[in-house]
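Letter by letter, the sequence shown follows residues 7 to 481 in the numbering used here.
Every residue gets a Cβ at the ideal spot worked out from N, C-alpha and C, and that includes glycine.
Note sheet for the following structure.
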Amino acid sequence: MAAIDPLVRELSQIVGPDAVLYRREDLIAYECDGYTVRKQPPRAVVFPSCTAEVSAVVKHLHERHIPFIPRGAGTGLSGGAIPLGGEVIISLVRMKRLLHVDYENRLAVVEPGFVNLKLTNAVAAKGYYYAPDPSSQYACTIGGNVAENAGGAHCLKYGVTTNHVLGLEVVLADGEIVEIGGVPDTPGYDLLGLLTGSEGTLGIVTKITVRILKNPEGKKTVLAYFDSVEEASRAVSDIVAAGIVPAALEMMDKTAIEGVEAGNYPVGHPKGLEALLLIEVDGISAGIDDQIARIVEVCQNRNVSEVKVAASEEERARWWANRKTAFPAMGAISPDYLVQDGVIPRSRLPEVLEKISRISARSGLRIANVFHAGDGNLHPLILFDARIPGETERAVQVGSEVLKACADAGGSITGEHGVGIEKKEEMRYIFTDEEIAAQIGIRDVFNPQNLLNPDKLFPKPGRCAEMRTAPGEAR
């Protein structure tokens, strides 16, 4: 029998023997997150149950110069929680309490392992909800949402996680505990904004104060079918240009529709559609019908083949379940898929979607597009079969080409999934060597030994000019 790593005994003294995993069979579940292209087991997994234990574990690892990674539910899609160097994973799933709700000031305080959707469920009886709604909200944690600055279908109107974070308790890379924010418009540097979306490279969040919102008086949802991706794309810009700011404005193309109809929540979308839009408006009841009528008119002006308004809450819920389970539904039409997450100006949707179509044809891999069209946050799902030699590598290459198309259109390489290890080389598409070095300099202030989630988010400076040419193109 192999000897137990002395580190395991030391960590067990801090959190208890039932809160440390170290056997190979137990570590397999932690060798990757939602990005399954690369896998590596951690040295150990630790489950602290409070901030003091997180601090003690971090101090112990810091003193011994042992790298470590914070992890939530493992639903991240960019490889940000993958322990490529055999790091210790600090899992925060046992810190899952709702600590406080203040309805008068419209805020809630949660631990990082508290599941996103549970917050809305907890405050729903009082007529409140938590706005950020990633598709994985039934499983993802709010701590993970903070790390990735997660968005969701309704971020067009309500913003992403950073717009709803009021305060953080953070354990720094050396184990020090700090409190940041807590009061709106705190003077000084925006450290909340810096930490939100830092992908676990600046600190480990152990307590989060978030904004909760009052439920809108009214809400209506429209489903519009199109025989042309271009017409559907142009309808997106026309709706916003008409002065309407939907709560959500989602789009799926033909391949994505095929996937969701083969999944667990089909709704009977007609066969042969090229695209659909799912559009939701909410707010004061008076005026919603006028907005819906205007949306229907805009769609009709773009040659919509059919447009309808949800007749009941049950029908609306079915439409949204169909959309929100789009990613896993792709498993019904492909053995494997790789999710991308680029952002473009919505006026460039027709052009970029056409580029993605050409990339798909050239590579021989199908690409399903399902995305937050209203704010130009694309989610091309690259379908492939990992059992075929070389196809995984081709899917990764295709993903990089898609991100280059987004960057060339004046966009970004991520809108809500983060960079992790998946896109860190593609950071060169949008940043110069000097800009990357400046950001690494900020990281080094918080994490000078690079022990906290090491080698994520940033490439080593260099090769920027080279990377600005798309993969497969002439340099």
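For this session: Look at I95 and R44 and say whether their C-beta atoms are less than 9 Å apart.
Result: no
Problem set entry | Own chain, CB closer than 8 Å to S353, minus 5 neighbours either side, in chain order | Closer than 8 Å at Cβ, skipping near neighbours: S243.
For this session: Following the continuous beta strand (DSSP E) through R217, name the residue where it begins and the one where it ends.
Result: I210 to R217
Exercise. Opposite R44 in the DSSP bridges: which residues?
Worked result: Paired residue(s): none; R44 is not in a bridge.
Exercise. By Cβ distance, which residues of its chain are closer than 6 Å to R449, with the 5 residues on each side in sequence left out?
Worked result: T207
Problem set entry | Minimum length 3: unbroken beta strand (DSSP E) runs contained in the stretch 45-123 | 50-52, 74-77, 94-97, 104-108 and 113-116
Exercise. In its own chain, which residues sit with a C-beta less than 6 Å from the C-beta of P467, not counting the 5 before and 5 after it?
Worked result: D439, I442 and A443
Problem set entry | Nonlocal neighbours in the same chain, by C-beta distance under 8 Å from E479, ignoring five residues either side | Its pLDDT being 48, under 50, E479 is placed unreliably in this model, and the coordinates cannot settle the point.
Problem set entry | I290 versus L219 - alpha carbon distance | 14 Å
For this session: Tell me whether D439 sits in a helix, a strand or coil according to DSSP, three-state version.
Result: If DSSP states are grouped into helix, strand and coil, D439 belongs with the helices.
Problem set entry | Nearest neighbour of N270, chosen from T57, R329, V26 and K226 [CA to CA] | Of the residues T57, R329, V26 and K226, the one whose Cα lies closest to the Cα of N270 is R329.
For this session: Measure how close the beta-carbons of D24 and A50 come, nearest whole angstrom, since I'm counting them as under 8 Å.
Result: Not confirmed; about 14 Å, so no contact.
For this session: Could you pull the start and end residues of the beta strand (DSSP E) that A254 belongs to?
Result: A254 to D259
For this session: Within the stretch 187-250, note down every full beta strand (DSSP E) run reaching 3 residues or more, in order along the chain.
Result: 210-217 and 224-232
Problem set entry | Assigned secondary structure, A516 (DSSP; H/G/I helix, E/B strand, else coil) | Summary: the structure shown does not reach residue 516, with the chain confined to residues 7 through 481, and so no result is reported for it.
For this session: Please report the residue range of the beta strand (DSSP E) in which A281 lies.
Result: A281 to G289
For this session: Starting from the Cα of I294, find the closest Cα among S363, P276, R308 and E223 and give me that residue.
Result: E223
Problem set entry | DSSP state of G447 mapped onto helix, strand, coil | helix
For this session: Would you list the residues sitting across from T147 in a DSSP beta bridge?
Result: V121
Exercise. Out of curiosity, what's the CA-to-CA distance linking P73 and V52?
Worked result: 13 Å
Exercise. Taking all protein chains shown into account, do 16 or more other C-beta atoms lie within 10 angstroms of the C-beta of E319, making it buried, or fewer, making it exposed?
Worked result: exposed
Problem set entry | Reduced DSSP category for E428 - H, G, I as helix; E, B as strand; rest coil | coil
For this session: Compute the Euclidean distance between the alpha carbons of N155 and L201, then round it to the nearest angstrom.
Result: 9 Å
Exercise. What are the boundary residues of the beta strand (DSSP E) that P386 is part of?
Worked result: P386 to F390 is the span of the beta strand (DSSP E), which, as asked, contains P386.
Exercise. Comparing alpha-carbon positions, which option in L255, G119 and G133 lies nearest L104?
Worked result: G119
Problem set entry | Residue span of the beta strand (DSSP E) that contains V345, given as start and end | D342 to V345
Exercise. What residues in its chain sit with their C-beta under 6 Å from that of Y164, if we drop five residues either side in the sequence?
Worked result: A137
For this session: Can you grab the Cα-Cα spacing for the pair H71 / E16, in whole Å?
Result: 14 Å
Exercise. Whose CA, out of S239, V266 and Q46, lies closest to the CA of V358?
Worked result: S239
For this session: Taking 8 Å as the threshold, find out whether the stretch 337-348 comes into contact with the stretch 381-396 through three or more Cβ pairs.
Result: yes
For this session: Check the C-beta distance from H423 over to E256 and give it rounded, since I have them as a contact under 8 Å.
Result: About 16 Å separates the two Cβ atoms, so there is no contact after all.
Exercise. Taking the alpha-carbon positions, what's the L229 to H170 distance?
Worked result: A direct Cα-to-Cα measurement between L229 and H170 gives close to 28 Å.
Problem set entry | Start and end residues, alpha helix (DSSP H) containing S569 | The structure shown has nothing for residue 569, since the chain only spans 7 to 481.
For this session: To the nearest angstrom, report how far apart I263 and A281 are at their CA atoms.
Result: 8 Å
Problem set entry | Proximal residues to A62 (C-beta, below 6 Å), its chain only, five neighbours per side dropped | I20, listed in sequence order.
For this session: Kindly indicate which three-state DSSP category I350 falls into: helix, strand or coil?
Result: coil
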